[in-house]
Each structure stands twice: as C-alpha cells, then as structure tokens.
Amino acid sequence: MVTEFTPPLIPKNSETHRMPTNTAVWFPTIRTNTGTDVFTKRLVKGLQKNGIQAEITWLPLRAEYAPWSVSTPKAPEWATIVHVNTWLHPRFLPQRLPVVATIHHSIHHADAQRHKGLRRHFYHKCWVAPIEQSVMKRADKVVAVSQFVADTAKATLVDLPMQVIYNGIDTNIFTPGNRVRNPDEPFRLLYVGSWKTLKGVDLFSEIFRNLGDEFVLYYTGGETAAKDKSRMPDNMHDIGYLHGDAAVAAALQNSDALIFPSRAEGFGLVALEAMACGVPVIASKNSSLVEIIEDGDSGLLCTTDDVAAMILAIRKLANNTELYMRLRVGGYTRARTMFNEYLFIQKHLNLYKQLTQ
C-alpha cells in the first residue's frame, strides 16, 4: 500500500515585515549537547531567515555548575532583547536588556524525581531550582515548551504568567523517506535519546526479549549504554550518537516505528520528528507526550512502565496495515499542522514585538 503525504498549507510570514526595526536578539547559551542546543540553533536560524538579527554566544558547560569560573560575556551593542534558558545563572544576564526566559524541562515534577540518584536530586533542588526562580523573576517574559512544563514550573518553582510555545521542526529535513519493508525482514524500531532510566530504557531488554527475532531495536546508546549490554537480547543494536538533524532524520526514515517509553518529558522532540517523517510512534502516556501525540490517531500511547502494553502495541502496529497507515498519515499531518517551524518562529516574533514596541 502506498501512503500519500499531502503537506498542509503553511502561510507565508506576513508579520515579519511589521516587526520593529530595532528587534535584535542575543542568546548567551551554555553548550550542553542536548535538545536545548537544538532549540537555540533552530530558533536563531529561523529568526535570521526572517530578517531578524540573532546570534548565539556559547558558554562552556562549567558555566552551569561553576558560573564564577567563566567570564561574563558583554551583550552586543546591537542587541535589544536577551533570550536565555532558565538554567543560565543570573550573573550572565545583562541589566539593560529585556529578558525572555524559556523553561525546557520538568525535572522538578514528582515523576522525574522518582528516577534520580540522591546527588542529582540535591543538585536540582539546591542549585538549579534557585537559579531558575531568580531568572524567571527577572525575566520580562517566561516561555514554556509545553503546558506540562508550565504547570510543573508554576507548582514547583514560581507561579508566574507563562506563554506556551511548542518547539517547531524543519519539515524540509524531517520528511517521509522511501522505506518499504520487505515482508521477510524484522519490524525495525528505533529509539533516539539519552540512555537514562528516566527515559525508560531499562524496559527495552524485557520488551525485545519477549518480541523475539521478528522485531529489532536500533538505539542511541554509546558508552552510557555499555554497562547494560550483557543483559540485552541479540535483537538490540547500538548505533551510537546521531550528529545533527540530517542524521536523526535518516535514521527515522529507515525505521518502521519509533519507541519512546519515557517516564517524563518536557517536550519529546524526537517523537514529533518521527511523526513528521511519517514514522508511527509508540510512547508512554504521560507528561508532554499526550500534548504531542493523539492516541490511535497520530501514535499509540501506553500506560507508563507497562511492558505488556508496549509489546501488544508493537505487535499490533506491525500486523495491522490499516492502523499503521492511519498513524503514518495522522502523525505526519499533526506534526506539520501544529508543530511546524513557521508557528514556532512566528510566536517568538510576536513575543519579541511585545517587548520592543
């Protein structure tokens, strides 16, 4: 069966020309090699495409836990707004500029707390949380990447007005591929993400041992997953770290489905990227994932930690062609309609406009 993907119409950016000419955004950002880096780079690239001056000043990772060891960068003379992650220490915030602060995560939520070691728990509670509270109080505008993140921040950090702006994706990169599965080959699943208990990776061995040789998992593990290798069945394969959007898109386009059993997500970007590629997603029914995925229409959501439900969903997806095609088209359409790059950039442009009028 051939699936026809028809891109939803995305309006041209008519608001850009009405942006104040003095809008220019500076991003002092700690390089973490995580999704927050991806967010910043995509936002800056999108702003520049729309004629807005925007620039990143990358700070070393030690600026997160030892900010006094890093010189405070001077804000560029051209900047009229500074946009930061809530983890950036207040010492790096310039006094003369309005501040937009984005909160990306839900680490203070109870679901995340249960899967931390004691050291990480106290690091988040005694170091990160006070920094975030200070930054959010200093900010002129606070943005959350999902309603789940906003609700968590209000309950655990500080109850301030927050605007939810979902992350957007470049649908020129994340687009359906040409994979056609040979009936004789295993159903190919992919996991992309950090190798952490919070992500549910400890469930994979039991899931794929039970599924058997008709199913195979390719996962991004690397050195952090090596300690678990001896307990894994033969149908699990480590593909290491994927460098850049093009590599992630290629891995998705060469897969039959994405499995994402995370126990708590601030946003869950890779699930959205899979949907844009026309790859069905099987994920946990929790946190922000229920905002991205509509169960039975654009993906399959399973009760958190329910291995049997995950196995059933995978088998169902592999054996039900009608369901598989419906989820491919449903996920693709939802990703391109509700989470496209145009909306992501446009909402930030409108936010900046409020600060520069």
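So the sequence shown is numbered by our numbering: it starts at 1495 and just counts up by one. Cβ atoms here follow ideal geometry from the backbone N, Cα and C, with glycine treated the same way.
Buried or exposed: which applies to residue i, given that a residue is buried once 16 or more other Cβ atoms fall within 10 Å of its Cβ?
{"i": "Thr1574", "result": "buried"}
{"i": "Tyr1846", "result": "buried"}
{"i": "Phe1698", "result": "buried"}
{"i": "Val1442", "result": "Residue 1442 cannot be examined here, being either before or after the span of the chain that is shown, 1495 to 1851."}
{"i": "Phe1616", "result": "exposed"}
{"i": "Gln1851", "result": "exposed"}
{"i": "His1660", "result": "Residue identity check: residue 1660 is Tyr in the sequence provided, not His. So Tyr1660 counts as buried."}
{"i": "Ala1638", "result": "buried"}
{"i": "Asn1676", "result": "exposed"}
{"i": "Leu1806", "result": "exposed"}
{"i": "Lys1693", "result": "buried"}
{"i": "Thr1646", "result": "buried"}
{"i": "Arg1822", "result": "buried"}
{"i": "Gln1848", "result": "exposed"}
{"i": "Ala1812", "result": "buried"}
{"i": "Gly1738", "result": "exposed"}
{"i": "Thr1644", "result": "Note on residue identity: the sequence assigns Ala, not Thr, to residue 1644. Ala1644 comes out buried."}
Distance check for residue j and residue i, CA to CA, integer angstroms please.
{"i": "Thr1566", "j": "Leu1555", "result": "14 Å"}
{"i": "Val1801", "j": "Leu1795", "result": "12 Å"}
{"i": "Lys1723", "j": "Asn1704", "result": "17 Å"}
{"i": "Lys1810", "j": "Tyr1818", "result": "9 Å"}
{"i": "Ser1640", "j": "Gln1657", "result": "9 Å"}
{"i": "Asp1750", "j": "Pro1774", "result": "7 Å"}
{"i": "Trp1621", "j": "Leu1553", "result": "18 Å"}
{"i": "Pro1570", "j": "Leu1582", "result": "18 Å"}
{"i": "Leu1587", "j": "Val1784", "result": "34 Å"}
{"i": "Ala1745", "j": "Thr1596", "result": "29 Å"}
{"i": "Phe1642", "j": "Ile1786", "result": "11 Å"}
{"i": "Lys1535", "j": "Phe1761", "result": "17 Å"}
{"i": "Asn1651", "j": "Asp1634", "result": "According to the sequence provided, residue 1651 is Leu. The question's Asn does not apply to it. Answer to the nearest angstrom: the Cα atoms are 17 Å apart."}
{"i": "Pro1522", "j": "Leu1843", "result": "18 Å"}
{"i": "Lys1568", "j": "Gln1542", "result": "21 Å"}
{"i": "Pro1561", "j": "Glu1717", "result": "28 Å"}
{"i": "Arg1725", "j": "Asp1696", "result": "10 Å"}
{"i": "Met1804", "j": "Thr1526", "result": "31 Å"}
{"i": "Asp1678", "j": "Glu1767", "result": "27 Å"}
{"i": "Asp1789", "j": "Gln1840", "result": "28 Å"}
{"i": "Ile1625", "j": "Ala1557", "result": "12 Å"}
{"i": "His1731", "j": "Val1564", "result": "40 Å"}
{"i": "Arg1820", "j": "Lys1779", "result": "19 Å"}
{"i": "Thr1797", "j": "Ala1720", "result": "28 Å"}
{"i": "Tyr1735", "j": "Ser1688", "result": "9 Å"}
Look at residue i and residue j and say whether their C-beta atoms are less than 8 Å apart.
{"i": "Thr1714", "j": "Ile1701", "result": "no"}
{"i": "His1602", "j": "Ala1623", "result": "yes"}
{"i": "Met1546", "j": "Val1576", "result": "Here the sequence assigns Ile to residue 1546, which means Met is not the residue at that position. No. Outside cutoff."}
{"i": "Ala1606", "j": "Ala1758", "result": "yes"}
{"i": "Asn1516", "j": "Gly1662", "result": "no"}
{"i": "Gly1772", "j": "Tyr1826", "result": "yes"}
{"i": "Ile1550", "j": "Val1538", "result": "yes"}
{"i": "Arg1830", "j": "Thr1580", "result": "no"}
{"i": "Phe1709", "j": "Pro1727", "result": "no"}
{"i": "Phe1533", "j": "His1598", "result": "yes"}
{"i": "Gly1540", "j": "Phe1754", "result": "no"}
{"i": "Val1629", "j": "Pro1584", "result": "yes"}
With distance defined between alpha-carbon atoms, name the residue in the options nearest to residue i.
{"i": "Asp1923", "options": "Ala1777, Val1636, Asn1814 and Glu1788", "result": "The structure shown does not extend to residue 1923, since the chain is modelled only from 1495 through 1851, so no value can be given for it."}
{"i": "Leu1684", "options": "Asn1748, Phe1668 and Ala1644", "result": "Asn1748"}
{"i": "Asp1791", "options": "Arg1828, Ala1638, Gly1694 and Pro1570", "result": "Arg1828"}
{"i": "Ile1808", "options": "Leu1711, Met1630 and Cys1620", "result": "Leu1711"}
{"i": "Ala1740", "options": "Thr1526, Asp1645, Phe1668 and Leu1587", "result": "Phe1668"}
{"i": "Ala1649", "options": "Trp1562, His1609, Phe1681 and Gln1627", "result": "Gln1627"}
{"i": "Val1593", "options": "Arg1632, Val1532 and Arg1822", "result": "Arg1632"}
{"i": "Gly1706", "options": "Ser1688, Asn1729, Thr1691 and Arg1820", "result": "Asn1729"}
{"i": "Val1686", "options": "Asp1678, Val1742 and Gly1738", "result": "Val1742"}
{"i": "Arg1614", "options": "Thr1815, Asp1789, Lys1690 and Gln1848", "result": "Lys1690"}
{"i": "Ala1548", "options": "His1731, Ser1563 and Trp1572", "result": "Trp1572"}
{"i": "Val1578", "options": "Arg1820, Asp1531 and Tyr1735", "result": "Asp1531"}
Using 8 Å for Cβ pairs, my map puts residue i next to residue j. What's the rounded Cβ distance?
{"i": "Val1636", "j": "Leu1654", "result": "6 Å"}
{"i": "Met1832", "j": "Gly1793", "result": "With 8 Å as the limit, Met1832 and Gly1793 do not qualify as a contact, their Cβ atoms being about 13 Å apart."}
{"i": "Ser1600", "j": "Ser1756", "result": "Wrong, their Cβ atoms sit about 11 Å apart, outside the cutoff."}
{"i": "Gly1529", "j": "Leu1752", "result": "The pair is not a contact, with the Cβ atoms about 15 Å apart (cut-off 8 Å)."}
I'd like to confirm something about residue i: is its beta-carbon nearer than 7 Å to some heavy atom of the ligand NAP, or not?
{"i": "Leu1845", "result": "You won't find the ligand NAP in this model; it holds no ligand whatsoever."}
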